[in-house]
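Trainee:
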Amino acid sequence: MAFRKLSGLVFFCFFSMVAHAEDIQINPTHPDQYTVVRGDTLWDISGKFLKHPWQWPQLWNYNAQIKNPNLIYPGDTVYFSIVNGKPQLSFSSSAQYDDVPDHSTCILREEDFKNGRTKFPVSEDGKLLPCIRETHLDQAVNLIPMDKIAQFLTSPSVVGANDLPNAPYVVAIAGEHVIAGAGDKLYVRSIPVAKSRAYTVYRSGDTYRDASTGEILGYEAKYIADASLQQAGDPASLSVTKSSSEIRRGDRVMPNVEEELTLNYFPRPPEHNITGSIIGVLDGVSQIGLFNVVVIDKGTRDGLLVGHELDVYQDGKVIADHYSALKNDEVKLPNELAGVIMVFRPFERVSYALVMKASQAIHVLDKVQTP
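The numbering of the sequence shown is our numbering, which starts it at 111 and goes up by one.
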């Protein structure tokens, strides 16, 4: 019996993949082979072989040996070649298997080797019995770095003009405290009926505007804390269960809304051309780089979906042309490709996106567009 203990295995399934007729574009600097290391993502690995990592499933379709690219582990090696004009992959696993009889009850754990185990079971005729070797394997590599977006999957939120001003608000904090945190009690006006037991405390954040027209697209509701309703009323009593910063009087309170969370991502371009701009960056970051989260001025109304990939172009500078025959002549330099983002949380008119690649500095107001 082949025994393999999988510790903390994460199985990512890709659903509703869009097939693109575009030929696979190979990265001209691709390696002939690559051994997966801890911290790699499938996006990283695909980018070593392809110009467009979202074409990864098409590459796998040419290869029957690799049954499921979602289950790749540190130590596994992927080999690349071109056969009859088509890209081919082969695969060698770092997994170790020990063939042992089904009736074996001897288990060798990793700590047994560290502790110098010397006693092993023997048969009636004095022969050493085979043992099962138990090994804790590394977790399968993620498609994208989930830890970079986890905190933004539910908060902050984007709301309408009247959502926060009309929401219940903190009027007082128990114990005459000026600010509150986890474990404190809040008095909130007004929650006369218990529509939910779980609430979120928000504070007004940025106003999101269309980069071209200045039209207001939505308002940021900054996450402050989670709270549970103890008693409905006017004021109602809530207990703070978790907080990211201090809670103040006047902070707004809204019932938790169950959102459909997507945990399986695969970047792919939108089905039609979309052009927009970066209008903000989350988590208090001033310099935008790899794995930062940005806000763009396009959303579901424009056709954006979870997983859509967009190129980022740094806006070309306008410089003085001192050699022109025209006095005070200026010329605008072309826009330069600066990176790639992936939409992971689209709202109606804006979206949150993760910077998946950054070849140079990215800034607010840089352009984004379908690859």
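For glycine and all other residues, C-beta sits at the position ideal for the given N, C-alpha and C.
If you're wondering where the values come from, they're calculated on a predicted model, not measured in any experiment.
1. Where does PHE457 fall in DSSP's three states?
2. Tell me, which residues are paired with GLU98 by DSSP?
3. Can you check DSSP and say which residues form a bridge with PRO197?
4. Can you check which of these residues, ILE182, HIS432 and LEU475, is closest to THR323 by C-alpha distance?
5. Going by DSSP, what residues sit across from LYS332 in a beta bridge?
6. May I ask you to report which of helix, strand or coil DSSP gives GLY285?
7. Going by DSSP, what residue range makes up the alpha helix (DSSP H) through SER156?
8. Compute the distance between the beta-carbons of PRO345 and THR480, then report whether it is under 8 Å.
9. Can you name, in chain order, every residue of its own chain whose Cβ lies under 6 Å from the Cβ of SER267, other than the five neighbours on each side?
10. In the DSSP assignment, find the unbroken beta strand (DSSP E) run with ALA321 in it and report its ends.
11. Helix, strand or coil for PRO163, going by three-state DSSP, please let me know.
12. Just the C-alpha distance for SER469 and VAL298, rounded to the nearest angstrom, thanks.
13. Do the CB positions of ALA471 and VAL363 come within less than 8 Å of each other?
14. According to DSSP, is ARG358 helix, strand or coil?
15. Can the beta-carbon of PHE454 be found closer than 8 Å to that of LEU464?
16. Round the Cβ separation of LYS342 and PRO377 to the nearest angstrom and send it over; I've been treating them as touching at under 8 Å.
17. Report the residue from ILE259, GLY328, LYS258 and SER349 whose alpha carbon sits nearest the alpha carbon of ALA335.
18. In angstroms, rounded to a whole number, what distance separates the CA positions of PRO138 and ILE406?
19. Can you name the start and end residues of the beta strand (DSSP E) that SER387 belongs to?
20. Can LYS427 and LEU443 be called in contact, C-beta distance under 8 Å?
21. From ILE384 to HIS473, what does the alpha carbon distance come to, in whole angstroms?
22. Kindly indicate which three-state DSSP category GLN341 falls into: helix, strand or coil?
23. Spatial neighbours of ARG359 within its chain, please: C-beta separation below 6 Å, excluding the five flanking residues on both sides.
24. For TYR318 and ASN272, what's the separation of their Cα atoms in angstroms?
25. Tell me the DSSP bridge mates of GLN424?
26. With H, G and I counted as helix, E and B as strand and the rest as coil, what does DSSP make of ALA131?
27. With DSSP as the reference, identify every bridge partner of LYS295, one or two as the case may be.
28. According to DSSP, simplified to helix, strand and coil, what is LYS258?
29. When burial is assigned at 16 or more other CB atoms within 10 Å of the CB, is VAL391 buried or exposed?
30. Have a look at ALA321 and GLY409 and give me their C-alpha separation to the nearest angstrom.
31. So is THR145 buried or exposed if we call it buried at 16+ other beta carbons inside 10 Å?
32. For VAL280, write down the residues that DSSP places opposite it in a beta bridge.
33. Compare the C-alpha of LYS501 against each of SER338, SER314 and LEU296 and name the closest.
34. Would you identify the three-state DSSP class for ARG378, choosing helix, strand or coil?
Mentor: Once the coordinates are examined:
1. If you number the sequence shown from 1, residue 457 lands on position 347. It is coil, neither helix nor strand.
2. Past the edges of the chain, shown from 111 to 481, lies residue 98, and the structure says nothing about it.
3. On the sequence shown, residue 197 is found 87 positions in, with the first residue counted as 1. PRO197 pairs with ILE192.
4. Taking the sequence shown and counting its residues from 1, the one referred to as residue 323 is at position 213. Here the closest residue by C-alpha is LEU475.
5. Here residue 332 is taken as the residue at index 222 of the sequence shown, counted from 1. In the DSSP assignment, LYS332 is bridged to ARG313.
6. For the purposes of this step, residue 285 is taken as residue 175 along the sequence shown, with counting starting at 1. Judged by DSSP in its simplified three-state form, GLY285 adopts helix.
7. On the sequence shown, residue 156 is found 46 positions in, with the first residue counted as 1. Under the DSSP assignment, SER156 falls in the alpha helix (DSSP H) whose first and last residues are 152-159.
8. For the purposes of this step, residue 345 is taken as residue 235 along the sequence shown, with counting starting at 1. For the purposes of this step, residue 480 is taken as residue 370 along the sequence shown, with counting starting at 1. With respect to THR480, PRO345 sits apart: the two C-beta atoms are not nearer than 8 Å.
9. For the purposes of this step, residue 267 is identified with residue 157 of the sequence shown, where counting begins at 1. Taken in chain order, the residues that qualify are ALA331.
10. Start at 1 with the first residue of the sequence shown, and residue 321 comes out as number 211. Under the DSSP assignment, ALA321 falls outside any beta strand (DSSP E); it carries neither an H nor an E label.
11. Taking the first residue of the sequence shown as 1, we reach residue 163 at position 53. It is helical.
12. Working through the sequence shown from its first residue, we reach residue 469 at position 359. Working through the sequence shown from its first residue, we reach residue 298 at position 188. Approximately 48 Å, taken between the alpha carbons.
13. For the purposes of this step, residue 471 is taken as the residue at position 361 of the sequence shown. For the purposes of this step, residue 363 is taken as the residue at position 253 of the sequence shown. Between ALA471 and VAL363, the gap from beta carbon to beta carbon reaches 8 Å or more.
14. Taking the first residue of the sequence shown as position 1, residue 358 is located at position 248. Correct three-state label for ARG358: coil.
15. What you label residue 454 is simply residue 344 of the sequence shown in a count that begins at 1. What you label residue 464 is simply residue 354 of the sequence shown in a count that begins at 1. In this structure, PHE454 lies near LEU464, with their beta-carbon atoms less than 8 Å apart.
16. Taking the first residue of the sequence shown as position 1, residue 342 is located at position 232. Taking the first residue of the sequence shown as position 1, residue 377 is located at position 267. Here residue 342 is Ala; the residue named in the question, Lys, does not match the sequence. Going by Cβ atoms, the distance from ALA342 to PRO377 rounds to 44 Å, so no, they are not a contact pair.
17. Here residue 335 corresponds to residue number 225 of the sequence shown, with the count starting at 1. Closest option to ALA335, judged by alpha-carbon separation, among ILE259, GLY328, LYS258 and SER349: SER349.
18. Within the sequence shown, residue 138 is the residue found at index 28, counting from 1. Within the sequence shown, residue 406 is the residue found at index 296, counting from 1. The straight-line gap from Cα to Cα measures roughly 31 Å.
19. As a position in the sequence shown, residue 387 is number 277, starting the count at 1. Where SER387 is concerned, the enclosing beta strand (DSSP E) stretches over 385-391.
20. By one-based count along the sequence shown, residue 427 stands at place 317. By one-based count along the sequence shown, residue 443 stands at place 333. A contact, by the Cβ cut-off of 8 Å.
21. Here residue 384 is taken as the residue at index 274 of the sequence shown, counted from 1. Here residue 473 is taken as the residue at index 363 of the sequence shown, counted from 1. Going from the Cα of ILE384 to the Cα of HIS473 covers about 19 Å.
22. Position 231 of the sequence shown holds residue 341. In the structure shown, GLN341 sits in a strand (DSSP, three-state: E or B).
23. Within the sequence shown, numbered from 1, the residue matching residue 359 stands at position 249. If you ignore the 5 residues before and after ARG359, its C-beta comes within less than 6 Å of the C-beta of VAL280, all in its own chain and listed in chain order.
24. Taking the first residue of the sequence shown as position 1, residue 318 is located at position 208. Taking the first residue of the sequence shown as position 1, residue 272 is located at position 162. Roughly 15 Å separates the two Cα atoms.
25. Here residue 424 is taken as the residue at index 314 of the sequence shown, counted from 1. Beta-bridge partners assigned by DSSP to GLN424: GLU446.
26. Taking the first residue of the sequence shown as position 1, residue 131 is located at position 21. Note that ALA131 has pLDDT 39, beneath the 50 cutoff, so the model's placement of it is unreliable and the number below is only indicative. The answer is coil: DSSP assigns ALA131 none of H, G, I, E or B.
27. Residue numbering aside, residue 295 sits at position 185 when the sequence shown is read from its first letter. According to DSSP, which records beta bridges pairwise, LYS295 is partnered with SER349.
28. Walking along the sequence shown from the start, residue 258 turns up at place 148. In this structure, LYS258 counts as helix in the three-state DSSP scheme.
29. Taking the first residue of the sequence shown as 1, we reach residue 391 at position 281. For VAL391, the number of other beta carbons within 10 angstroms of its own is at least 16, and it is reported as buried.
30. Numbered from its first residue, the sequence shown carries residue 321 at position 211. Numbered from its first residue, the sequence shown carries residue 409 at position 299. Cα to Cα, ALA321 sits roughly 14 Å from GLY409.
31. Here residue 145 refers to the residue found at position 35 when the sequence shown is read from its first residue. Exposed is the call here.
32. Within the sequence shown, numbered from 1, the residue matching residue 280 stands at position 170. DSSP output for VAL280 lists VAL298 as bridge partner(s).
33. Residue 501 is absent from the model: the chain starts at 111 and stops at 481.
34. Numbered from its first residue, the sequence shown carries residue 378 at position 268. Strand.
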